[in-house]
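K.L.:
Can you keep this structure in mind? I'll have questions shortly.
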Amino acid sequence: MAALCGNSIWTPQARNCFQRGITSSNSLKFLPFQVNRCKRLWSRSLKCRVLGETDDVGFEVSSAIKDDLFVGFFREAWPYFLAHRGSTFVVLISAEIVDSPHLDHLLMDISLLHGLGIKFVLVPGTHVQIDRLLTERGSEAKYVGRYRITDPDSLEAAMDTSGRIRLMIEAKLSPGPSLTGVRRHGDNSRWHDSVGVASGNFLSAKKRGVVEGIDYASTGEVKKVDVSRIHERLDQDSIVLLSNLGYSSSGEVLNCNTYEVATACALALGAEKLICIIDGPILDESSRLIRFLTLQDADMLVRRRAEQSETAANYVKAVSQEDFNRLGYHGSNGSLPSQNGDVYSQRYNPTFQNGIGFDNGNGLWSSEQGFAIGGQEKLSRSNGYLSELAAAAFVCRGGVQRVHLLDGTIGGVLLKELFQRDGVGTMVASDLYEGARMARVSDVPGIKQLLQPLEESGTLIRRTEEELVKALHSFIIVEREGHIIACAALFPYFEEKCGEVAAIAVSPDCRGQGQGDKLLGMNTCEKLEPTKVIKLPKNTIEV
Numbered sequence: 001m002a003a004l005c006g007n008s009i010w011t012p013q014a015r016n017c018f019q020r021g022i023t024s025s026n027s028l029k030f031l032p033f034q035v036n037r038c039k040r041l042w043s044r045s046l047k048c049r050v051l052g053e054t055d056d057v058g059f060e061v062s063s064a065i066k067d068d069l070f071v072g073f074f075r076e077a078w079p080y081f082l083a084h085r086g087s088t089f090v091v092l093i094s095a096e097i098v099d100s101p102h103l104d105h106l107l108m109d110i111s112l113l114h115g116l117g118i119k120f121v122l123v124p125g126t127h128v129q130i131d132r133l134l135t136e137r138g139s140e141a142k143y144v145g146r147y148r149i150t151d152p153d154s155l156e157a158a159m160d161t162s163g164r165i166r167l168m169i170e171a172k173l174s175p176g177p178s179l180t181g182v183r184r185h186g187d188n189s190r191w192h193d194s195v196g197v198a199s200g201n202f203l204s205a206k207k208r209g210v211v212e213g214i215d216y217a218s219t220g221e222v223k224k225v226d227v228s229r230i231h232e233r234l235d236q237d238s239i240v241l242l243s244n245l246g247y248s249s250s251g252e253v254l255n256c257n258t259y260e261v262a263t264a265c266a267l268a269l270g271a272e273k274l275i276c277i278i279d280g281p282i283l284d285e286s287s288r289l290i291r292f293l294t295l296q297d298a299d300m301l302v303r304r305r306a307e308q309s310e311t312a313a314n315y316v317k318a319v320s321q322e323d324f325n326r327l328g329y330h331g332s333n334g335s336l337p338s339q340n341g342d343v344y345s346q347r348y349n350p351t352f353q354n355g356i357g358f359d360n361g362n363g364l365w366s367s368e369q370g371f372a373i374g375g376q377e378k379l380s381r382s383n384g385y386l387s388e389l390a391a392a393a394f395v396c397r398g399g400v401q402r403v404h405l406l407d408g409t410i411g412g413v414l415l416k417e418l419f420q421r422d423g424v425g426t427m428v429a430s431d432l433y434e435g436a437r438m439a440r441v442s443d444v445p446g447i448k449q450l451l452q453p454l455e456e457s458g459t460l461i462r463r464t465e466e467e468l469v470k471a472l473h474s475f476i477i478v479e480r481e482g483h484i485i486a487c488a489a490l491f492p493y494f495e496e497k498c499g500e501v502a503a504i505a506v507s508p509d510c511r512g513q514g515q516g517d518k519l520l521g522m523n524t525c526e527k528l529e530p531t532k533v534i535k536l537p538k539n540t541i542e543v
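What follows is the structure, encoded as structure tokens:
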């Protein structure tokens with residue numbers, strides 16, 4: 001990893017903005033000031049009971065702890081409120097979630113976030129409902145590749161389903177927040193306003209037509225998104241509901257792919273985020289949640305499966321080899337570039353133009369407005385959620401900085417993802433959120449904080465700040481949102497043709513995420529040949 005050893009410095013971009021105060025599990029994580037406060041409160045409670053106070057004191061204490069947590073959360077959430085306010089998020093709600101009881105709480109959270117100033121475009125999936133309706137009517141759903149063959153029966157089912165889902169979402173967003181506790185602050189006419197929902201003919205489409213001898217009938221492809229009218233509705237404080245039904249220039253209704261619609265909309269609007277609410281987590285080979293992928297990582301992961309996955313193969317066709325090279329890959333051995341600012345800042349970004357497609361920089365335009373996924377590969381989950389990762393990489397390539405793939409079966413998943421540093425889902429980013437680099441003098445306090453618990457337990461040898469500064473040129477750190485979450489030092493012995501990896505430490509919040517393995521696996525080729533043996537001291541902790 002040669003770039004690690006240079007002087008290049010990158011500035012990390014926040015996934016959200018601050019150190020989270022509540023963990024991704026259902027248990028609460030107390031912040032330091034909250035822990036101290038709780039200790040004082042519980043101590044006071046025990047003292048009162050010894051003196052003969054009633055159990056009401058215990059209730060008051062627990063109420064005080066709850067109040068402290070409440071105040072602490074809002075103070076820490078302040079940067080999130082500032083970061084997200086006024087942003088435009090395109091949210092794709094998969095058909096599986098639309099068809100589940102999880103939809104109610106999801107829409108409640110969207111209504112809450114809308115009240116905080118976030119602009120939403122919702123794109124609900126429909127294929128589950130269309131297939132069920134066709135079965136009830138004695139017809140059969142037909143798919144070829146990523147697309148449905150929309151015969152007259154399928155088109156009628158698609159229109160019926162779209163209308164029902166629109167009415168259902170409008171109804172669920174209409175109540176607004178509960179007013180039972182707000183009346184304490186006086187009456188206000190705004191409290192009685194429901195959330196405005198706008199829908200319409202925002203989507204222009206064209207017939208897919210006959211492809212390789214197969215007539216797709218009334219299946220459509222996205223032609224153009226009416227950006228100005230969507231922005232107009234968003235500026236009027238409405239949530240925009242975008243159906244997957246498009247309209248042709250001849251006045252026909254066409255059934256489009258939901259993912260193609262959502263990705264095209266995110267690209268056309270220049271949305272800050274595309275959020276896909278799916279029915280499961282994105283896991284790695286060890287069944288651990290993949291929390292973060294760079295665009296390069298996601299691109300490589302999809303390309304490696306191109307022979308097994310039709311969706312992956314379609315992604316490779318849509319993304320030219322020139323774009324692949326411009327992302328910073330070197331050679332044909334599948335090695336990834338270093339996560340360093342130079343690669344990101346110098347990377348070429350294809351230009352997307354609504355209604356035209358991508359300018360790949362070679363004078364040729366590719367006509368894709370969005371990226372379609374679906375059909376039997378998605379229904380069977382034969383390749384897991386690879387299709388969704390391909391769509392995420394496609395959108396990041398077009399200029400949307402962040403794509404979040406969230407498990408919609410987790411209660412409050414939107415709030416947990418948007419208001420916690422590490423979130424609870426998988427994020428694909430075209431800018432840098434997390435990366436490794438050589439340590440700087442300003443990193444010494446952060447490194448010292450990581451090493452201190454291990455030094456106190458006798459796992460690592462104690463080092464003074466002066467000793468750390470002297471050895472700083474040997475340290476690599478992993479930084480996430482400006483916080484040092486892992487570190488390791490490599491001390492090469494050139495005469496012995498080997499090196500010693502020492503002082504490996506990972507923040508407790510980030511253990512179990514493979515950070516230690518990442519540090520051990522880094523190819524620090526400017527200091528040591530990658531083929532040489534690296535030895536670990538006996539007192540190195542395993543993380």
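Be aware that the sequence shown starts at 1, since it is given in UniProt numbering, and climbs by one per residue. For each residue, glycine too, the CB sits at the ideal point set by N, CA and C. These figures come from a predicted structure and were not determined experimentally.
What are the boundary residues of the beta strand (DSSP E) that residue 294 is part of?
P.N.:
First-last of the beta strand (DSSP E) with residue 294: 292-294.
K.L.:
Taking all protein chains shown into account, do 16 or more other C-beta atoms lie within 10 angstroms of the C-beta of residue 293, making it buried, or fewer, making it exposed?
P.N.:
Classification of residue 293: buried, given that the 10 Å Cβ count is 16 or more.
K.L.:
Are residue 166 and residue 241 close, meaning C-beta to C-beta below 9 Å?
P.N.:
Yes, the Cβ-Cβ distance between residue 166 and residue 241 is below 9 Å.
K.L.:
Pop quiz: residue 117 and residue 85 are said to be a contact at Cβ under 8 Å. What is the actual Cβ separation, rounded to whole angstroms?
P.N.:
Confirmed, about 4 Å.
K.L.:
List the residues that DSSP assigns as beta-bridge partners of residue 404.
P.N.:
Note: residue 404 sits in a beta bridge opposite 275 and 427.
K.L.:
Could you work out which residue in 297, 210, 398 and 158 is closest to residue 253 when comparing CA atoms only?
P.N.:
Taking only the C-alpha atoms, the option nearest residue 253 is 158.
K.L.:
Give me, in chain order, the residues of the same chain whose beta-carbon lies closer than 6 Å to that of residue 425; leave out the 5 immediate sequence neighbours on both sides.
P.N.:
Around residue 425: 404, 405, 406 and 417.
K.L.:
Got a sec, what are the start and stop residues for the beta strand (DSSP E) residue 255 sits in?
P.N.:
Segment 253-255, the beta strand (DSSP E) holding residue 255.
K.L.:
Given this structure, state the Cα-to-Cα distance separating residue 9 from residue 475, to the nearest angstrom.
P.N.:
A caution first: residue 9 carries a pLDDT of 28, below 50, which makes its placement in the model too unreliable to give a value.
K.L.:
Measuring CA to CA, which of 506, 388, 112 and 251 is closest to residue 311?
P.N.:
Measuring from the Cα of residue 311, the nearest candidate turns out to be 388.
K.L.:
Going by C-alpha to C-alpha distance, which of 70, 504, 272 and 400 sits closest to residue 89?
P.N.:
Checking every option, the nearest Cα to that of residue 89 belongs to 272.
K.L.:
From the DSSP output, in three-state form, read off residue 490 for me.
P.N.:
Three-state result, residue 490: strand.
K.L.:
Give the straight-line distance between the Cα atoms of residue 66 and residue 225, rounded to the nearest whole angstrom.
P.N.:
Answer to the nearest angstrom: the Cα atoms are 47 Å apart.
K.L.:
State the start and end residues of the unbroken alpha helix (DSSP H) segment that holds residue 499.
P.N.:
Looking at the DSSP string, residue 499 is not in any alpha helix (DSSP H); the run it does join, the beta strand (DSSP E), is 498-506.
K.L.:
Do residue 519 and residue 469 have their C-beta atoms within less than 9 Å of each other?
P.N.:
No.
K.L.:
Quick one: Cα of residue 277 to Cα of residue 423, how far?
P.N.:
Residue 277 and residue 423: Cα-Cα distance of roughly 14 Å.
K.L.:
Under 8 Å by Cβ, that's how I've got residue 397 and residue 319 pegged, so tell me the actual separation to the nearest angstrom.
P.N.:
Going by Cβ atoms, the distance from residue 397 to residue 319 rounds to 6 Å, so yes, they are a contact pair.
K.L.:
Does the Cβ of residue 283 have 16 or more other Cβ atoms within 10 Å, making it buried, or fewer, making it exposed?
P.N.:
So residue 283 ends up on the exposed side.
K.L.:
How should residue 441 be labelled, buried or exposed, when 16 other C-beta atoms within 10 angstroms of its C-beta is the threshold for buried?
P.N.:
Looking at its Cβ environment, which holds fewer than 16 other Cβ atoms inside 10 Å, residue 441 is exposed.
K.L.:
Can you tell me where the alpha helix (DSSP H) with residue 446 in it begins and where it stops?
P.N.:
444-456 is the span of the alpha helix (DSSP H), which, as asked, contains residue 446.
K.L.:
Grouping DSSP H, G and I as helix and E and B as strand, with all else coil, what is residue 544?
P.N.:
Any answer about residue 544 is impossible in this case: the structure gives the chain only from 1 up to 543.
K.L.:
Would residue 93 be called buried (16 or more neighbouring beta carbons within 10 Å of its own) or exposed?
P.N.:
By the neighbour-count rule (16 or more Cβ atoms within 10 Å), residue 93 is buried.
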